[in-house]
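Participant: According to our numbering, the sequence shown holds residues 1016 to 1466 in order. No residue lacks a Cβ here, since even glycine has one placed at the ideal position from N, Cα and C.
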Amino acid sequence: MTHEIIEKSKKHLWLPFTQMKDYDRDPLIIESGKGIKVRDVNGKEYYDGFSSVWLNVHGHRKKELDEAIVDQLSKIAHSTLLGMTNVPATELAEKLVELSPENLTRVFYSDSGAEAMEIALKMAFQYWQNIGKPEKQKVVSMRNGYHGDTIGAVSIGSIDLFHHVYGALMFESYKAPIPNVYRSESGDPDQCRDECLHALEQLLIEKHQEIAALSIESMVQGASGIFVMPEGFLSGVRTLCTKYDVLMIVDEVATGFGRTGKMFACEHEGVQPDLMAAGKGITGGYLPIAVTYTTEKIYEAFYDDYENLKTFFHGHSYTGNQLGCAVAIENIRLFEAEDIVGQVAKKTEDLKSMLDDLYALPHVGDIRQLGFMCGIELVQSKKTKEPFPFEKRVGYHVSLKMRELGMLTRPLGDVIVLMPPLASTKEELQEMVSIIKEAIEVVTRERVELG
Ligand code: PLP
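1. Pick helix, strand or coil for H1162, following the three-state DSSP scheme.
2. Whose C-beta lies closer than 6 Å to the C-beta of S1047 among residues of the same chain, with five residues either side of it excluded?
3. Could you spell out the range, first to last residue, of the beta strand (DSSP E) harbouring S1047?
4. In angstroms with no decimal places, state the Cα-to-Cα distance between T1017 and N1057.
5. According to the neighbour-count rule (16 or more other Cβ atoms, all chains shown, within 10 Å of its Cβ), is L1030 buried or exposed?
6. Can you tell which of T1275, V1243, N1118, F1177 has its C-alpha closest to the C-alpha of K1312?
7. Can you give me the C-alpha to C-alpha distance between M1157 and P1192, rounded to a whole angstrom?
8. Going by DSSP, which residues form a beta bridge with H1075?
9. Can you list, in chain order, the residues of its chain whose CB lies under 7 Å from that of I1146, leaving out five sequence neighbours each side?
10. Expressed to the nearest angstrom, what Euclidean distance is found between the alpha-carbon atoms of I1220 and A1214?
11. Taking C-alpha atoms, which residue in V1265, I1091, D1041, K1077 lies nearest to L1338?
12. So who's on the other strand from T1120, going by DSSP bridges?
13. Let me know the secondary structure DSSP gives K1151 once reduced to three states.
14. Terminal residues of the continuous alpha helix (DSSP H) containing Q1337?
15. According to DSSP, is V1432 helix, strand or coil?
16. Is Q1236 helix, strand or coil by DSSP?
17. Going residue by residue through the region 1176-1251, where are the continuous beta strand (DSSP E) segments of at least 3 residues, counting only ones entirely within it?
18. Taking 6 Å as the cut-off, is the C-beta of E1497 nearer than that to any heavy atom in the ligand PLP?
19. In the DSSP assignment, the beta strand (DSSP E) including A1293 goes from what residue to what residue?
20. In the DSSP assignment, find the alpha helix (DSSP H) that holds G1390 and state where it starts and stops.
21. Bridge partners of M1422, per DSSP?
22. Is G1237 near the ligand PLP, going by C-beta to nearest heavy atom under 6 Å?
23. Just confirm the distance between the C-beta atoms of I1391 and L1420, as a whole number of angstroms; I'd bet it's less than 8 Å.
24. Whose C-alpha, out of Q1217, K1441, H1162, is nearest the C-alpha of M1369?
25. Between S1414 and G1428, what straight-line distance do the alpha-carbon atoms span, to the nearest angstrom?
26. Quick one: what's T1095 bridged to in DSSP?
27. Can you list, in chain order, the residues of its chain with a C-beta nearer than 7 Å to that of E1453? Leave out the 5 residues immediately preceding and following it.
28. Tell whether a beta-carbon distance below 7 Å holds between E1345 and A1083.
29. Let me know if G1202 comes out buried or exposed under the rule of 16 or more other beta-carbons within 10 Å of its beta-carbon.
30. Which of helix, strand or coil does DSSP assign to A1316?
Here is the structure:
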């Protein structure tokens, strides 16, 4: 059976973000999960060290979440949200608004983070048309940003490795610099922040009349390598957006729902965006629901007689799916009942001191962390910060070694990602960090130092 299903997977599947030649060499099929571990078809168990791509909150097969889906199934699995609503989508909307920054009062559902960002972009674009400022059509996005893989999201993303091939398909956006303290000349977070804010302000001074919106990940740039923004950067961007009348779209898809030790990462700096995308942890990692939040002011710009053509013409077949919304409601109840956000904030310091141990390794250049969002950057030379040659694929080989040692993650180049389920205990965190340490030690010694 095991062999058969592996052969089937090689024969018919094409996996996301995967070079299938790698998959064919090292196939993996997950069959079940319990708590913060998953189990493959051979019965081997692994820590879910990246929360199944940054989603999982309470662990797998959480009884209350399972039951919420079963309960909902006894009523209905799905009906459309086009022109009507359903019970859980409506109840969830109220809860989502309660959790969010104060100014965000409206939610628009979709199925993935990329869609939530597309929706934010389209809303921002149409908003200016609807209020009679059609000249505002351009977007500012951050260098090295990532917002998902649909064409709009790719257009405002800028990770060369993923995006350059689609250049001709994308719409243009102005790219603003983002602080990278580790590789900055001064290494000073304040200086790095101020330089980037200054460059952004110059761009806005020159172009704000044509700029509709600015998009930015919240507090941490995730996919470019877990770069935590220096204190005051996100709030500085908010100030500039307000000053130059540009809508601020904050992407909380990765950082939202407790990941950084606040319900939403923008709370670290009291930032209130004009539009905000969230997804991933919204259902505890169970079902594909995402959401675009916006303000009453933006909502009202679309609210008019049909003939005036201000309707937001956007939707997906599964928008507001009942099963997804029902499990999201229970997820939010558990956040409160189990004080998940408080627990993450409390365990963040423990995790930091565990990770600090890794600095003793000769190839660990930088460790970046906000809450349970951690990246460990491996470099050829700690002194010069010179990266490993691309073709050595050090991060990839470390993650394969981790797999062998019983833990799953996906590296971002040579940045090893640790994004444990939010309910992970101190002991589980320690075991995961120990696996990372051993894998880095073995791989850098065998593949790099011994050649
Ligand atoms: N935005 C950010 C910041 C992300 O990290 C991701 C995915 O990792 C996305 C958007 C895209 O989300 P999805 O994969 O659900 O489309």
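Facilitator: A quick look at the data gives this:
1. The residue given as residue 1162 occupies position 147 in the sequence shown. Coil.
2. Residue 1047 sits at position 32 when you count from the first residue of the sequence shown. Closer than 6 Å at Cβ, skipping near neighbours: R1054.
3. On the sequence shown, residue 1047 is found 32 positions in, with the first residue counted as 1. Counting along the chain, the beta strand (DSSP E) containing S1047 begins and ends at 1045-1049.
4. Here residue 1017 corresponds to residue number 2 of the sequence shown, with the count starting at 1. Here residue 1057 corresponds to residue number 42 of the sequence shown, with the count starting at 1. Looking at the two C-alpha atoms, the distance is approximately 7 Å.
5. One-based indexing of the sequence shown puts residue 1030 at position 15. So L1030 ends up on the exposed side.
6. In the sequence shown, the residue the question calls residue 1312 occupies position 297. For K1312, the nearest C-alpha among the options comes from N1118.
7. As a working mapping, residue 1157 is identified with position 142 in the sequence shown. As a working mapping, residue 1192 is identified with position 177 in the sequence shown. Distance between the alpha carbons of M1157 and P1192: 6 Å.
8. Stepping through the sequence shown from its first residue, residue 1075 is reached at position 60. In the DSSP output, where bridge partners are listed per residue, H1075 has G1050.
9. For the purposes of this step, residue 1146 is taken as residue 131 along the sequence shown, with counting starting at 1. So the list reads A1316, once near-sequence residues are dropped.
10. Here residue 1220 refers to the residue found at position 205 when the sequence shown is read from its first residue. Here residue 1214 refers to the residue found at position 199 when the sequence shown is read from its first residue. Straight-line Cα distance between these residues: approximately 10 Å.
11. By 1-based counting over the sequence shown, the position of residue 1338 is 323. Ranking the options by Cα distance to L1338, first place goes to I1091.
12. The residue you call residue 1120 lines up with position 105 of the sequence shown. DSSP lists no partner for T1120.
13. Taking the first residue of the sequence shown as position 1, residue 1151 is located at position 136. K1151 falls in the coil class under three-state DSSP.
14. Indexing the sequence shown from 1 puts residue 1337 at position 322. Segment 1337-1352, the alpha helix (DSSP H) holding Q1337.
15. Start at 1 with the first residue of the sequence shown, and residue 1432 comes out as number 417. DSSP places V1432 in strand when its eight states are reduced to three.
16. Numbered from its first residue, the sequence shown carries residue 1236 at position 221. Note: Q1236 maps to strand in three-state DSSP.
17. 1189-1191, 1226-1232
18. With the chain running from 1016 to 1466 in the structure shown, residue 1497 is simply not present.
19. The residue labelled residue 1293 in the question sits at position 278 within the sequence shown. That run of the beta strand (DSSP E) goes 1290-1293.
20. Counting from one through the sequence shown, the residue named residue 1390 turns up at place 375. That residue, G1390, is in no alpha helix (DSSP H); its beta strand (DSSP E) goes 1388-1393.
21. Sequence index remark: in the sequence shown, residue 1422 carries index 407 (1-based). M1422 pairs with Y1062.
22. Walking along the sequence shown from the start, residue 1237 turns up at place 222. At least one heavy atom of the ligand PLP is nearer than 6 Å to the Cβ of G1237, so yes.
23. Residue mapping note: residue 1391 aligns to position 376 of the sequence shown, counting from 1. Residue mapping note: residue 1420 aligns to position 405 of the sequence shown, counting from 1. 15 Å between Cβ atoms; not a contact.
24. The residue you call residue 1369 lines up with position 354 of the sequence shown. Of Q1217, K1441, H1162, the residue nearest in Cα terms is K1441.
25. Along the sequence shown, one-based indexing puts residue 1414 at 399. Along the sequence shown, one-based indexing puts residue 1428 at 413. Taking the straight line from one Cα to the other gives about 11 Å.
26. As a first step, residue 1095 is located in the sequence shown; it is residue number 80 there, counting from the start. Paired residue(s): none; T1095 is not in a bridge.
27. By one-based count along the sequence shown, residue 1453 stands at place 438. If we look at E1453 and ignore the five residues flanking it on each side, its Cβ neighbours are L1420.
28. The residue given as residue 1345 occupies position 330 in the sequence shown. The residue given as residue 1083 occupies position 68 in the sequence shown. In contact: E1345 and A1083 (Cβ atoms closer than 7 Å).
29. Here residue 1202 refers to the residue found at position 187 of the sequence shown. It is exposed - the Cβ of G1202 has fewer than 16 other Cβ atoms within 10 Å.
30. Your numbering for residue 1316 matches position 301 in the sequence shown. Three-state result, A1316: coil.
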